[in-house]
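Protein sequences appear in the order of chains A and B.
Here this note's numbering = 1-based position in the first sequence + 76.
Here this note's numbering = 1-based position in the second sequence + 2.
Glycine included, C-beta positions come from ideal geometry on N, C-alpha and C.
Note that the coordinates shown come from a computational prediction; the quantities given were computed from them, not determined experimentally.
Report on the structure given below.
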Amino acid sequence: MKILVTGAGGFLGKVIVERLLAHGQTDLRAMVRDTAKADGIRQIAAKYPDATVEIVAVNLRHPPEIPAAIAGCGIVIHAAAALKGSAAEMFMDSVVASRNLLDAVMKAPATRIVLVSSFGVFGVAVLDRFAIVDERTPMEERPENRDIYSHSKLRQEQLFWEYRAKQPYELVVLRPGVIYGPGGGHFSTRVGLNMFGTFLHLGGRNPLPLTFVENCAEAIVVAALEPTANGEVYNVIDDDLITANQYLRLYKRQVKPMRSIKVPFSVMMLLSKVVERYSTSSKGQLPAVFTPYKTRVMWGGNRFSNAKLKGIGWKPLISTKDALAQTFASFKAEPPKLK
Amino acid sequence: MAQVQELRVGIVGCGKIADGHADVLKFLPGARLVAVCDRELLLAEQLAVRAGVPAWYDDLEAMLAAENLDVVHITTPPGVHLALTRQCVAAGAHVFLEKPLALTAPDCAALIEAVESGGRRMSINYWPNFDPPAMELKSMLTRGTLGDIVHIEAFIGYDLSGAYGQALMGDPGHWVNRLPGKLFQNMMDHIFNRIVPLFPSGEPDIHAYAYKRRAAVMGNETDKLLDELRVVMKSGGVSAYGTLCSHARPISNTLKVFGTKNTVEIDFNLRTIILAGSQNYPSSLGRLFPPFEMARQYFAQGQKNVVAFRHHEFQFFAGMSRLLELFYGALRTDGPLPISYQEMLSVAYVMDEVIAQVYPATKGGAA
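This is how it looks when you write it as structure tokens:
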């Protein structure tokens, strides 16, 4: 059975291709938007000479390009999404692109779609602090109060359920937490923010919903190939999670020393109220980058469960301790950023 | 205080610039954004949800029929401005358009004709010209501070790796890449709308020169995009240079007007307007004073900006707020429009001529 991976040139997509090959899949199609990103896939494919990894360049904004790209695929793992850009661009590349993909899949013979969604879709602002977030946690009801990425990922996932309500098809949804690894970002906003050269440490003792990129890709592949996963949602987070405090401390020790200021949650809530109020009273002169709602979501703190994912046989390939050591070693070896 | 008639406003075209319009409308007294439209319904929906707009559509005709709009902001690519304007006017709405007004000068003329013959009114989003320093320049010109204008230099920088730049460089099919004048056509309104109003009437001489400075070859349509533009113009006794520059840093946005009495420079990014220094006293001693005089002017401008900030008048799109206040005011009172139709047509004429000179192969072509 041929398996298509969209966003295959991305940070996560490449590793999904690798894990599929490691699971013995020999017939893959890797979809990239920009062929410049195909080299990484070719290097991975070279390690599996018995497998066929076809690379196709498709812009999912353009519907006519899609039918040929999905033809003959029994599973589509949809990992393509926008991480940055204006709201319109992010919606084009995450939501409109998904709609175009769904329209094409609905016309094709039975295909299972595996959607890489996000922790961002949860409506955690209404939960108590340190409540457990699992697959039963309700989805966000106030996306306008969230950041554009979470809003676009929420709308994307809703779209897949809406289509499924209209025309049944096999759908598996995975909601990864913070995906990290070599080549990825150094800090999730859940740890804190760099403001004018100083790192504001906002996460405190909150557990971080981390998932190492290989563990995450493994989860996606296990769920994609699991016959009973149809119609199910799986949160993707690793075992032995550390807190934001611990992450920052390890980072300073293993990557580079840096100045940080710890801002307690109560202070951040107060600051957020002031920023939100000022933004409104000044007619948008300064944007409401912090609001009490966003602060509760990002730094209120939750606990997490990966029990459901383990129930279908997933286990982390690499422990959090080793994954962090590997990641921080690669961060340390990165050349300084050129501006 | 007299009750201001609240205008019902709609937006058609929910791309990035529509966010700017929605942000301004959120705080503009006497107007309410009641509906948005995009042929891609998901884009209309996301803007409506974020901006708290109650209705969204993927069909302009449906929005016009249901919403009884006083004004429609047309924020689509320019290729459809003319057709959408006709639809809005037929439904009784005034229009406020993003630049460029249309693909060609004849289309601009047809658009204005459609608005006038339909008994409606229109304006275009030349917002930097309504930022406080630009308003101050208008006042200086009225007072005769500069004397007669001799020469004008308008310079705008562009960042090909910025948010807008990446969008068009990363997608060969992006609508800007399909414009006959490509990037220049989407940007040069902001050069010529600063020059043309200061020119004597009549068609100016125009000599344009453009080239591609970046070395990268992508192997697609974006390779045809020129990124540096220089234009020399003359009309009567007034000359001008217009520059669009994608490589110089920092990315500047300036206008310098040389008069027979004084020379003044606006920096749109810094929001300053400064009269050129000159030596009023003889000898080396005389040369000591002008830099201090310049410093005094910058200090005063900084103070003015702080006051504007304190009064909550220092938004990024402060100029758009001002322009819309004037335009909506003109609609309510049937008073004079903030930008004359003749000015729009003159800008369109210059743009056509520049495009014909720097992209001769696409002359008369359409997007």
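Chain-ordered, the chain B residues with CB closer than 8 Å to the CB of Val171/A read Leu44 and Gln48. Scanning the segment 336-397 of chain A from its first residue to its last, the whole beta strand (DSSP E) runs of 3-plus residues come out as 336-338. For Phe132/B, no chain A residue has a Cβ inside 7 Å of its Cβ, as the nearest lies near 16 Å away. For Leu162/B, there is no enclosing beta strand (DSSP E), as DSSP marks it with neither H nor E. Judged by DSSP secondary structure, Leu177/A falls within the alpha helix (DSSP H) whose first and last residues are Ala173 to Lys183. Lys123/A sits in coil when the DSSP states are folded into three classes, being neither helix nor strand. With its beta carbon less than 8 Å from one in chain B, Lys359/A belongs to the interface.
For the pair Lys229/A and Ala157/A, the CB atoms are nearer than the 8 Å cut-off.
Neighbours of Lys18/B across chain A, judged by C-beta separation under 8 Å: Ser162, Ala163, Ala164 and Glu165. DSSP, reduced to helix, strand and coil, places Leu328/B within a helical segment of the structure shown.
Look at Tyr239/A here: in three-state DSSP terms it is helix. Look at the segment 211-226 of chain A: the residues with a C-beta under 7 Å from a C-beta of chain B are Pro219 and Glu220. The DSSP assignment places complete alpha helix (DSSP H) segments of no fewer than 4 residues inside the segment 279-330 of chain A at 289-301 and 320-330, in order along the chain.
With a threshold of 8 Å between beta carbons, Arg353/A makes no contact with chain B.
Judged by DSSP secondary structure, Tyr211/B falls within the beta strand (DSSP E) whose first and last residues are Asp207 to Tyr213.
The Cβ atoms of Val81/A and Ala106/A sit closer than 8 Å to each other.
Look at Arg231/A: its C-beta is under 8 Å from a C-beta on chain B. If you check the CB distance, Asn311/A and Ser381/A come in under 8 Å.
For Phe407/A, no pairing in a beta bridge is given by DSSP. A straight-line Cα-Cα distance of about 7 Å links Ala155/A and Ala84/A. Inclusion of Cys39/B and Tyr59/B in the CB contact set at 8 Å is warranted, their separation being smaller than that value.
Annotation: Cβ neighbours of Arg175/A in chain B (cutoff 8 Å, chain order): Leu44. Per DSSP, Thr128/A is one residue of the beta strand (DSSP E) stretching across Thr128 to Ala133. Under DSSP, the beta-bridge partners assigned to Gly268/A are His277/A. Minimum Cα-Cα distance from Ala24/B among the listed residues Tyr160/B, Ala46/B, Met346/B and Thr335/B corresponds to Ala46/B.
In its chain, beyond the 5 residues on either side, Glu223 have a beta carbon closer than 8 Å to the beta carbon of Gly175/B. Contact of Phe311/B with chain A by beta-carbon distance below 8 Å involves Gln361. Within chain A, Glu220 have C-beta atoms less than 8 Å from the C-beta of Gly54/B, given in sequence order. In this structure, the beta-carbon distance from Ile92/A to Ile146/A does not fall below 8 Å. With a 10 Å radius around the Cβ and a threshold of 16 neighbouring Cβ atoms, Tyr256/A comes out buried.
Approximately 6 Å separates the beta-carbon atoms of Val266/B and Met142/B; this is inside 8 Å, confirming the contact. Taking 8 Å as the upper bound on Cβ-Cβ separation, chain A lies near no residue of the segment 191-220 of chain B. Judged by DSSP in its simplified three-state form, Val219/B adopts coil rather than helix or strand. Residue pairing by DSSP places Ile153/A opposite Val81/A and Val190/A in a beta bridge. In the three-state reduction of the DSSP assignment, Asp110/A falls in the coil class, being assigned neither a helical nor a strand state. The closest CA to that of Asn321/A, considering only Leu203/A, Ile337/A and Asp315/A, is found on Ile337/A.
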